[in-house]
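Undergrad:
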Amino acid sequence: MKPLQTTVEEVLRHAIQSEVETRAYLQKLSERAGSADVKKRLLQLADLELVHRAKLERKYREMIGQAPPNPEPVVVDIPPELVQLDMARALKLVLDHERESESYYRFMCERVPDTTDLGRLFMELAEIEWKHKTDLQAEYDTTAPPDQFLMDI
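The numbering of the sequence shown is this note's numbering, which starts it at 10 and goes up by one.
1. Using only CA atoms, which one of L127, H23 and V103 lies nearest to A146?
2. Considering just the uninterrupted stretch of the alpha helix (DSSP H) at R67, what are its terminal residues?
3. To the nearest angstrom, report how far apart A185 and R108 are at their CA atoms.
4. Whose C-beta lies closer than 7 Å to the C-beta of L134 among residues of the same chain, with five residues either side of it excluded?
5. Assuming A97 and A153 make a contact with CB atoms under 8 Å, what is their CB distance in whole Å?
6. Check this for me: beta carbons of E40 and H61, under 8 Å apart or not?
7. Can you give me the Cβ contacts of Q26 inside the same chain, cut-off strictly under 7 Å, excluding the 5 residues immediately before and after it?
8. What are the partner residues of A153, as DSSP defines its beta bridges?
9. Determine the direct distance from the alpha carbon of H141 to that of A99, and round the result to whole angstroms.
10. Would a C-beta distance cut-off of 8 Å place A45 and V83 closer than the cut-off?
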């Protein structure tokens, strides 16, 4: 496998941008909610992304020594068939999104030594996404029938 050519600064910028994109995704998804409760929960999750972003921006300032650049503008496309989302379906979509993020950071962990700043950063980001994913999985499990997760795959 080709050695990874990136820096801590690039990784943190990407992670911050990812939080911005996830927040925009959740806000857009909330427009497709089938009830006020689903919309409220998606907007709560979107607001949590602000907290995650703030933590990453603080880490950026600590590690890089300056404020991070402003994120790029975000365009979110939600498939037209995603309408009238119930809580289980909405949480499943968010869960899939978090799972992709965790997988990305774990894949990147494998490409750099874990004794480097970059390796430790990738591991930390993967663990953060894992925590988000497991919290959402627990919430999903309480809202969906036991076999629903397998049916959604």
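Glycine is no exception: its CB is placed at the ideal position from the N, C-alpha and C atoms.
TA: Straight from the coordinates:
1. Here residue 146 refers to the residue found at position 137 of the sequence shown. Here residue 146 is Gln; the residue named in the question, Ala, does not match the sequence. Closest by alpha carbon: V103.
2. Counting from one through the sequence shown, the residue named residue 67 turns up at place 58. Start and end: A45 to I73.
3. The first residue shown for the chain is 10 and the last is 162, placing residue 185 beyond what the model contains.
4. Your numbering for residue 134 matches position 125 in the sequence shown. Excluding positions up to five away in sequence, the list reads A24 and Y114.
5. Here residue 97 is taken as the residue at index 88 of the sequence shown, counted from 1. Here residue 153 is taken as the residue at index 144 of the sequence shown, counted from 1. The distance from the Cβ of A97 to that of A153 is about 4 Å, consistent with a contact at the 8 Å cut-off.
6. Here the question's residue 40 lines up with position 31 in the sequence shown. Here the question's residue 61 lines up with position 52 in the sequence shown. Between E40 and H61, the C-beta gap is not smaller than 8 Å, which leaves the two residues out of contact.
7. Stepping through the sequence shown from its first residue, residue 26 is reached at position 17. P80 and E81, listed in sequence order.
8. For the purposes of this step, residue 153 is taken as the residue at position 144 of the sequence shown. Paired residues: none, contrary to the question.
9. In the sequence shown, counting from the first residue as 1, residue 99 sits at position 90. In the sequence shown, counting from the first residue as 1, residue 141 sits at position 132. Roughly 15 Å between the two C-alpha positions.
10. Start at 1 with the first residue of the sequence shown, and residue 45 comes out as number 36. Start at 1 with the first residue of the sequence shown, and residue 83 comes out as number 74. No; because the gap between Cβ atoms is not below 8 Å, this pair is not in contact.
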